[in-house]
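Student:
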Amino acid sequence: KKTPTEAPADCRALIDKLKICNDEQLLLELQQIKTWNIGKCELYHWVDLLDRFDGILADAGQTVENMSWMLVCDRPEREQLKALLLSVLNFTALLIEYSFSRHLYSSIEHLTTLLASSDMQVVLAVLNLLYVFSKRSNYITRLGSDKRMPLLS
Numbered sequence: 001k002k003t004p005t006e007a008p009a010d011c012r013a014l015i016d017k018l019k020i021c022n023d024e025q026l027l028l029e030l031q032q033i034k035t036w037n038i039g040k041c042e043l044y045h046w047v048d049l050l051d052r053f054d055g056i057l058a059d060a061g062q063t064v065e066n067m068s069w070m071l072v073c074d075r076p077e078r079e080q081l082k083a084l085l086l087s088v089l090n091f092t093a094l095l096i097e098y099s100f101s102r103h104l105y106s107s108i109e110h111l112t113t114l115l116a117s118s119d120m121q122v123v124l125a126v127l128n129l130l131y132v133f134s135k136r137s138n139y140i141t142r143l144g145s146d147k148r149m150p151l152l153s
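Quick note on full-length UniProt numbering: the sequence shown kicks off at 1 and runs consecutively.
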C-alpha cells in the first residue's frame with residue numbers, strides 16, 4: 001500500500017490559508033477561486049477542510065423545524081449560508097477534478113439531501129459536483145448500495 005506523499009508547496013499553502021479562515025473569510029477566499037491553478041495532489045491532504053465542508057453541507061441540508069419540506073439553506077434569512085454552501089460545492093468540484101484518491105470523499109449523503117433544495121443554483125452545484133465524480137472515476141460505483149441507490153433512482 002502506498003503511503004500518502006507530501007502535498008506540493010502551493011497546495012499546502014492554500015490548505016493552510018483556508019484552514020484559518022472564519023466562515024466569512026472562507027466565503028470570500030472560495031469565491032475568488034474560479035479555476036484550479038495549483039498542483040494536483042492527494043485528497044488526503046484536504047481532509048481537515050473537507051471535514052469542515054461536511055459540517056457546512058450538513059447545516060445547509062437540515063430540514064426546517066415544523067417545515068420538513070424546506071431545507072435550512074432555502075430560508076430567505078440564510079442567504080449567507082447559501083452563498084457559503086455554493087462556494088463550497090463549486091470549490092469541491094474543482095478540488096475533486098484535480099486530486100487523486102477521490103474515494104476518500106465522504107459527504108455523499110449530504111449531497112443527496114441537498115438535491116431536494118428548492119433553489120436551482122444549489123441543485124445545479126450539487127449535480128455539477130456529482131458529474132465531476134462520474135468523469136474518469138469509479139467513485140460512484142465504489143459507493144455502498146445504500147449510498148449509491150438514491151443517486152440512481
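All C-beta atoms in this analysis are idealised placements derived from N, C-alpha and C, irrespective of residue type, glycine included.
1. Grouping DSSP H, G and I as helix and E and B as strand, with all else coil, what is Thr63?
2. Does DSSP put Leu124 in a helix, a strand or coil?
3. Could you pull the start and end residues of the alpha helix (DSSP H) that Thr5 belongs to?
4. In chain order, what are the residue ranges of uninterrupted beta strand (DSSP E) at least 3 long that sit wholly in the region 15-84?
5. Less than 9 Å between the C-beta atoms of Gln25 and Ser87, yes or no?
6. Give a yes or no on whether the C-beta atoms belonging to Ser107 and Leu71 are separated by under 9 Å.
7. Of the residues Thr35, Lys40, Gln80, which one's Cα is nearest the Cα of Leu27?
8. How far does the alpha helix (DSSP H) with Leu114 in it reach, from first residue to last?
9. Taking only three categories from DSSP, how would you classify Ser118?
10. Can you tell me the Cβ-Cβ gap for Tyr98 and Trp46, rounded? I've got them flagged as a contact below 8 Å.
11. At the level of alpha carbons, what is the spacing between Leu85 and Asp16?
12. Hey, how far is the Cα of Leu115 from the Cα of Val122?
13. Which word fits Ala60, buried or exposed, when buried means at least 16 other C-beta atoms lie within 10 angstroms of its C-beta?
14. Taking all protein chains shown into account, do 16 or more other C-beta atoms lie within 10 angstroms of the C-beta of Ala13, making it buried, or fewer, making it exposed?
15. Mind checking who Phe100 pairs with in its DSSP beta bridge?
Tutor: By the coordinates alone:
1. In this structure, Thr63 counts as strand in the three-state DSSP scheme.
2. helix
3. Looking at the DSSP string, Thr5 is not in any alpha helix (DSSP H), and its letter there is neither H nor E.
4. 67-71
5. no
6. no
7. Looking from the CA of Leu27, the closest CA among Thr35, Lys40, Gln80 belongs to Gln80.
8. 108-114
9. In the three-state reduction of the DSSP assignment, Ser118 falls in the coil class.
10. With a beta-carbon spacing of about 11 Å, Tyr98 and Trp46 fall beyond the 8 Å limit used to define contacts.
11. Rounded to the nearest angstrom, the two C-alpha atoms are 20 Å apart.
12. Whole-angstrom Cα-Cα distance: 8 Å.
13. When all chains shown are included, Ala60 counts as buried.
14. exposed
15. Glu42
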